[in-house]
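Okay, structure first, notes after.
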């Protein structure tokens, strides 16, 4: 007998987080990946680092999902105007995460008479910290790259 499950990390955490950024920014690349893929002037990379079970019951679980969000901006000759914009974008992302500490995420499956939807809600979404220009392997080789890495955590419950 096959089990029933949802791909919670991707479908209800990472993908909706990407959708939030896409609705906020009408420019740049916004993608899910463990490493930088684009060398555009502006991009946002999202990656799920890990998860931990907070509570486990017979018919439900509560997990915390830990996500790294990287804001990339490239300017080969940065000046004060660039850095003012970079810090402005950092604060904008922080505020977007703060404003969406609780967020409903719905996915649809099936079609026609077999169509159904599942909704999960983030709980306690918080940006734990952010660091600036703490480069990962390969990032330090990109000329003019500036990066801000946010650690965002949220909890989600699933009831069987």
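In my numbering, the protein residues as written are 16 to 175. Cβ coordinates follow ideal geometry from the N, Cα and C atoms, glycine included. Only a predicted model underlies this, so the values are computations on that prediction, with no experimental measurement involved.
> So, residue 29 versus residue 82, is the Cβ gap smaller than 8 Å?
Replying inline: yes
> With distances taken between CB atoms, is the gap from residue 108 to residue 84 smaller than 8 Å?
Replying inline: Going by C-beta atoms, residue 108 is nearer than 8 Å to residue 84.
>> Starting from residue 79, trace the beta strand (DSSP E) in both directions and tell me its first and last residue.
In response: First-last of the beta strand (DSSP E) with residue 79: 75 to 89.
> Leaving out the 5 sequence neighbours to the left and right, which residues in its chain are closer than 6 Å to residue 116 when beta-carbon positions are compared?
Replying inline: If we look at residue 116 and ignore the five residues flanking it on each side, its Cβ neighbours are 140.
> Near residue 77, which residues of its chain fall below 7 Å by C-beta distance, leaving aside the five closest residues on each side in sequence?
Replying inline: 69, 70, 170, 172
> With 16 as the cutoff for other CB atoms within 10 Å, does residue 119 come out buried or exposed?
Replying inline: Its Cβ having fewer than 16 others within 10 Å, residue 119 is exposed.
> What residue does the beta strand (DSSP E) around residue 65 start on, and which one ends it?
Replying inline: Looking at the DSSP string, the run of the beta strand (DSSP E) that includes residue 65 is 57 to 71.
>> Mapping the DSSP letters down to three states, classify residue 42 as helix, strand or coil.
In response: coil
>> According to DSSP, is residue 113 part of a helix, a strand, or is it coil?
In response: helix
> Buried or exposed: residue 167, going by 16 or more other Cβ atoms within 10 Å of its Cβ?
Replying inline: That one is buried.
> When we look at the beta-carbon of residue 23 and count the other beta-carbons within 10 Å, is it buried (16 or more) or exposed?
Replying inline: buried
> How long is the line joining the alpha carbons of residue 20 and residue 174, rounded to whole angstroms?
Replying inline: Near 11 Å, if we compare the C-alpha coordinates of residue 174 and residue 20.
> Which term fits residue 112, buried or exposed, when burial requires 16 or more other beta carbons within 10 angstroms of its beta carbon?
Replying inline: buried
> DSSP three-state call for residue 166: helix, strand or coil?
Replying inline: Note: residue 166 maps to strand in three-state DSSP.
>> So if DSSP puts residue 119 in a beta bridge, which residue, or which two residues, is it bridged to?
In response: 136
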